[in-house]
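Under this note's numbering, think of the first position of the sequence shown as 553, with each following residue one higher.
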Amino acid sequence: NSSSTSHFPFDILTSSDVEELFETSSMTTKTITTFKDQRETKGIQYYKLSNELWSKTNSAIADFIDEKINNNELKAKIKSLHVGYLEKISKM
(Lines of atoms letter the chains of each structure in order from A and count residues from 1; the text may use other names and numbers.)
(Lines give C-alpha, C1' and ligand atoms only; values in the text may rest on other atoms or scores of the structure.)
Protein backbone atom coordinates (compact mmCIF):
# COMPACT_ATOMS: atom_id res chain seq x y z
CA ASN A 1 0.00 0.00 0.00
CA SER A 2 2.90 2.35 0.62
CA SER A 3 3.73 2.21 -3.09
CA SER A 4 0.21 3.38 -3.97
CA THR A 5 0.40 6.41 -1.64
CA SER A 6 3.73 7.45 -3.11
CA HIS A 7 1.90 8.42 -6.32
CA PHE A 8 0.13 11.27 -4.55
CA PRO A 9 1.84 14.63 -5.05
CA PHE A 10 0.88 15.65 -1.50
CA ASP A 11 1.01 14.29 2.03
CA ILE A 12 -2.08 12.74 3.55
CA LEU A 13 -2.98 14.36 6.87
CA THR A 14 -4.17 12.33 9.82
CA SER A 15 -6.67 13.66 12.34
CA SER A 16 -3.83 14.28 14.82
CA ASP A 17 -2.01 16.30 12.13
CA VAL A 18 -5.13 18.41 11.64
CA GLU A 19 -5.49 18.91 15.42
CA GLU A 20 -1.84 19.97 15.67
CA LEU A 21 -2.25 22.42 12.79
CA PHE A 22 -5.37 23.85 14.42
CA GLU A 23 -3.60 24.28 17.78
CA THR A 24 -0.63 25.96 16.09
CA SER A 25 -2.92 28.24 14.12
CA SER A 26 -4.89 29.10 17.25
CA MET A 27 -1.71 29.92 19.21
CA THR A 28 -0.45 32.09 16.34
CA THR A 29 -3.75 33.97 16.22
CA LYS A 30 -3.66 34.55 20.00
CA THR A 31 -0.06 35.78 19.77
CA ILE A 32 -0.90 38.20 16.95
CA THR A 33 -4.01 39.41 18.80
CA THR A 34 -2.04 39.90 22.02
CA PHE A 35 0.66 41.82 20.13
CA LYS A 36 -2.00 43.97 18.45
CA ASP A 37 -3.66 44.67 21.82
CA GLN A 38 -0.30 45.59 23.35
CA ARG A 39 0.47 47.84 20.40
CA GLU A 40 -2.88 49.62 20.75
CA THR A 41 -2.34 50.03 24.50
CA LYS A 42 1.14 51.44 23.96
CA GLY A 43 -0.20 53.73 21.24
CA ILE A 44 -2.78 55.08 23.67
CA GLN A 45 -0.03 55.67 26.25
CA TYR A 46 2.03 57.60 23.68
CA TYR A 47 -1.04 59.59 22.69
CA LYS A 48 -1.81 60.50 26.32
CA LEU A 49 1.80 61.53 26.99
CA SER A 50 1.87 63.64 23.83
CA ASN A 51 -1.44 65.26 24.74
CA GLU A 52 -0.15 65.98 28.26
CA LEU A 53 3.00 67.61 26.85
CA TRP A 54 0.95 69.70 24.41
CA SER A 55 -1.45 70.81 27.16
CA LYS A 56 1.30 71.76 29.64
CA THR A 57 3.28 73.55 26.93
CA ASN A 58 0.22 75.57 25.92
CA SER A 59 -0.42 76.41 29.56
CA ALA A 60 3.16 77.68 29.93
CA ILE A 61 2.77 79.79 26.78
CA ALA A 62 -0.49 81.21 28.14
CA ASP A 63 1.34 82.12 31.37
CA PHE A 64 3.97 83.90 29.27
CA ILE A 65 1.31 85.80 27.30
CA ASP A 66 -0.42 86.76 30.56
CA GLU A 67 2.96 88.00 31.86
CA LYS A 68 3.01 85.45 34.70
CA ILE A 69 6.44 84.22 33.56
CA ASN A 70 9.19 85.82 31.49
CA ASN A 71 10.80 84.53 28.30
CA ASN A 72 13.64 82.69 30.07
CA GLU A 73 11.19 81.01 32.46
CA LEU A 74 9.06 79.95 29.49
CA LYS A 75 12.07 78.41 27.73
CA ALA A 76 13.12 76.62 30.93
CA LYS A 77 9.58 75.32 31.46
CA ILE A 78 9.30 74.03 27.88
CA LYS A 79 12.72 72.40 28.11
CA SER A 80 11.78 70.74 31.41
CA LEU A 81 8.49 69.48 29.98
CA HIS A 82 10.22 68.00 26.94
CA VAL A 83 12.95 66.33 29.03
CA GLY A 84 10.25 64.81 31.26
CA TYR A 85 8.35 63.62 28.20
CA LEU A 86 11.44 61.94 26.75
CA GLU A 87 12.20 60.28 30.10
CA LYS A 88 8.68 58.85 30.28
CA ILE A 89 8.90 57.56 26.70
CA SER A 90 12.25 55.89 27.35
CA LYS A 91 10.67 53.95 30.24
CA MET A 92 7.79 52.63 28.12
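All C-beta atoms, glycine included, are put in the ideal place defined by N, C-alpha and C.
Under the three-state DSSP convention, the category N622 falls into: N622 falls in the coil class under three-state DSSP.
Inter-residue spacing [alpha-carbon to alpha-carbon] between Y637 and Y598: 10 angstroms
Selection from W606, I617, Q590, E572 that minimises the alpha carbon distance to S632: W606
Coil, strand or helix - T586 by DSSP: helix
Inter-residue spacing [alpha-carbon to alpha-carbon] between T586 and E619: 49 angstroms
Local conformation of T609 per DSSP, three classes: helix
Straight-line gap, D615 to V635 (C-alpha atoms, nearest Å): 20 angstroms
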